[in-house]
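Going by the UniProt record's numbering, the first residue of the sequence shown is number 1, and it counts up by one from there.
For each residue, glycine too, the CB sits at the ideal point set by N, CA and C.
The model shown is predicted, which means the values in this text are computed figures rather than measured ones.
Below is one structure, written out as structure tokens; comments come after it.
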Amino acid sequence: MAPESVDVIVVGSGPVGAMAANLLGQYGLRTVVIEKETVPHTQSRAINADDEAQRIFQAAGLTGELGPGFHPCLKMTYVDDEMRVLAEVDFTQVERPNGHFIGSLFSQPRLEASLTRGMGRFPSVSLWRGHEVESFMQDEDGVSVRVKEAATGRTLTLRARYLLACDGAKSSIRRRLGLKLEGTTALAHALAITVETPSSAPDFTYYPCGPKRVGIVTRTAHDEMRFDTVVRPGQDLEHVRSPEYVRGIIAPYIDPDSVRVKSVNLYAYHSRMAEKWRVGRVFLLGDAAHLMPPFLGQGVCSGLRDAANLSWKIAHVLNGAAEASLLDTYEVERRPHAAEMMRMSDALGSMLSSGGPLMARARNAFINLLYRMPVTGPFIREYKMKPNLFHAEGFLFGGKRGKSKQAGEGAYFPQPRVEHGEEGERPLDDVIGQRFAVLTRPGAPADVQQAAKALAEDIGGVWLSVAPAARSGAGRAGEVVDLEGKLGEWFAQHASDLVVLRPDRYVYAATNRAGVAQVHAALKKDVRPFSRRGSRVSRRIASIGA
């Protein structure tokens, strides 16, 4: 008997695998998620979602009732062991180009529960708990996966066009592919303590900078706090998990008697990356592809970016809207950014953790000096330490980002709030949906607007004419009113009349009037409207987010 056939198998239902399944479900792809654990995890591990990660949750429709209850970080304070302030970032004063708080915290069990509920929206997505992959083989047309049910020992073979390995740091799929992890593992460990609080107070985020303590102390939910600290080499690993040691970590910030300790976890952290992220029809995502140090809070965020990058590409390939070569751009685009995040996190961790007490005090004095100086102070206060997202090459017009400072290709497009007809004020992404979009600048010539409309139709996308804020309340069909002026600023900065956005909101092309025809010709060769399963799928995709 022929094996059951689906579009995609996702191995692992952690945040990355579950997000991939949600995004694939939006495109109507038949997806099976294989998870060896029979029940959800109850321990909080990852805690940070930056504004880009929150935007991916928004793209997956996981806000509102399905949302994980992100707790915004309003202020982050760097302190020494005596709780003296070294520097501070007031996130309420920092610009939010992606339409979300720059940093938000979360309880991972609640976040994963939201993702699981999200998968339940789609009849095409199934979650198989208590199952694991015994083996797999791939050929030119797909992947055959032998799956075992733990409770009964029963096995079956499942056939898919693609397999996504989202099974974590110890990925069995990566191991079966024979792929090595390259990089380093820290000599020190980190201690993560999660406590339950009786109320939503106090609400703060401290970044202890030593010399005794290095880590983060923050509220992650209205009733939960997290205390993370680096364990120095040579410390007794049993002792640091003892109640008295845990109490000593908590006491400087909150009365230990007022909270209930929910979990105490000790883990090593890594800076390692798989030598390849793809072998044939098998892709690695999240910790299976890259193990990120904790100091910038980019572990889960990087994995979610993987899922957002790959899911729309697989959907376009399987729905007949693009050639399979589009999938070659996944690692090309994602690896450099993950490597840069890893490098930045390593540098921050090394700066905060290396050296003895004298060096730590000198370092803290230097941080405070930089914070007070007119040139370097804004770099800290405006949180510019995290590198901007962009793709240097990949699925872009011309294949590479231009060297000019005005080059828009590869940039992550901003998301302001806009006014859209009778629907009123909305975030831009909710207007566009999970599809290509062609936007024209305020006041664009009529021929540019006509060309933009034709381009959008040819690729199965949407055309939106950007109107100035003065048109608020009088916008026409097909217009979005630029209430904050941010879109107009972007077009002016990049000297563009037209911009083409990919479904993941990266810029495929930004061009002036003279280059519109060339962009149209190039993109039309690679992208077309969805064709598989006929007009039903095309209508469904067009309605996402609308």
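Limits of the beta strand (DSSP E) - the one that residue i falls within
| i | result |
| --- | --- |
| D50 | 48-50 |
| M273 | 260-274 |
| P208 | 205-208 |
| Y508 | 507-511 |
| H189 | 181-196 |
| F227 | 224-231 |
Straight-line gap, residue i to residue j (C-alpha atoms, nearest Å)
| i | j | result |
| --- | --- | --- |
| P211 | P294 | 18 Å |
| R343 | L498 | 35 Å |
| M119 | A18 | 7 Å |
| G69 | M225 | 14 Å |
| V89 | A53 | 20 Å |
| S124 | K170 | 28 Å |
| P468 | G475 | 9 Å |
| V317 | G402 | 27 Å |
| V214 | P208 | 5 Å |
| L62 | T92 | 23 Å |
| A201 | C73 | 14 Å |
| G153 | R505 | 44 Å |
| Y206 | I250 | 12 Å |
| D328 | V282 | 12 Å |
| M359 | A321 | 57 Å |
| S144 | L115 | 26 Å |
| A492 | P378 | 25 Å |
| P442 | E457 | 21 Å |
| R426 | G99 | 10 Å |
| S311 | A20 | 6 Å |
| V279 | S172 | 14 Å |
| H494 | V500 | 13 Å |
| S13 | E323 | 28 Å |
| S126 | I9 | 10 Å |
| G410 | Y269 | 31 Å |
| E4 | P243 | 51 Å |
| A470 | P336 | 41 Å |
| G183 | L348 | 17 Å |
| W490 | Y412 | 11 Å |
| G399 | A522 | 10 Å |
Cβ shell of residue i (< 7 Å), same chain only, five flanking positions each side left out
| i | result |
| --- | --- |
| K262 | T194, V195, E196 |
| E333 | N309, H391, G394 |
| I102 | D50, D51, F91, V94, R96, Y383 |
For residue i, the three-state DSSP class (helix, strand or coil)
| i | result |
| --- | --- |
| V499 | strand |
| W490 | helix |
| A362 | helix |
| L164 | strand |
| S124 | coil |
| L156 | strand |
| Y383 | coil |
| I367 | helix |
| A411 | strand |
| I249 | helix |
| Q138 | strand |
| L326 | helix |
| V240 | helix |
| P97 | coil |
| L471 | Residue identity differs from the one stated: residue 471 is Arg in this sequence, not Leu. In the structure shown, R471 sits in a helix (DSSP, three-state: H, G or I). |
Spatial neighbours of residue i in its chain, beta-carbon cut-off 6 Å, leaving aside the 5 residues before and after
| i | result |
| --- | --- |
| I367 | L86, A87 |
| A60 | N22, L23 |
| V6 | R30, V32, A160 |
Residue range of the alpha helix (DSSP H) that includes residue i
| i | result |
| --- | --- |
| Q518 | 516-526 |
| Y330 | 329-353 |
| L177 | 172-177 |
| V375 | Neither: V375 is in no alpha helix (DSSP H) and is coded neither H nor E. |
| A113 | 108-119 |
| P256 | P256 -> no alpha helix (DSSP H), and no H or E assigned at all. |
Proximity test, residue i beta-carbon vs the ligand NAD heavy atom, cut-off 7 Å
| i | result |
| --- | --- |
| L439 | Among the components of this structure there are no ligands whatsoever, and the ligand NAD is therefore not found. |
Contacting residues, own chain, Cβ-Cβ under 8 Å from residue i (five flanking each side not counted)
| i | result |
| --- | --- |
| V147 | I34, W128, H131, E132, V133, E134, T155, L156, T157, L158 |
| R536 | Summary for R536: the model assigns pLDDT 38, below 50, so the residue's position carries little reliability, and this model does not support an answer. |
| L179 | A274, E275, K276, V279, L284 |
| S345 | S271, M292, P293, P294, F295, L296, Q298 |
| S472 | E419, V481, L483 |
Runs of alpha helix (DSSP H) lying entirely within the stretch 282-324, each at least 4 residues, in chain order: 299-318
Complete runs of the beta strand (DSSP E) confined to the stretch 11-90 [at least 3 residues]: DSSP runs (the beta strand (DSSP E)) wholly in the stretch 11-90: 31-35, 48-50, 75-79, 85-90.
Secondary structure, beta strand (DSSP E): runs of 3+ residues fully inside the stretch 422-461: 425-427, 437-440, all fully within the stretch 422-461.
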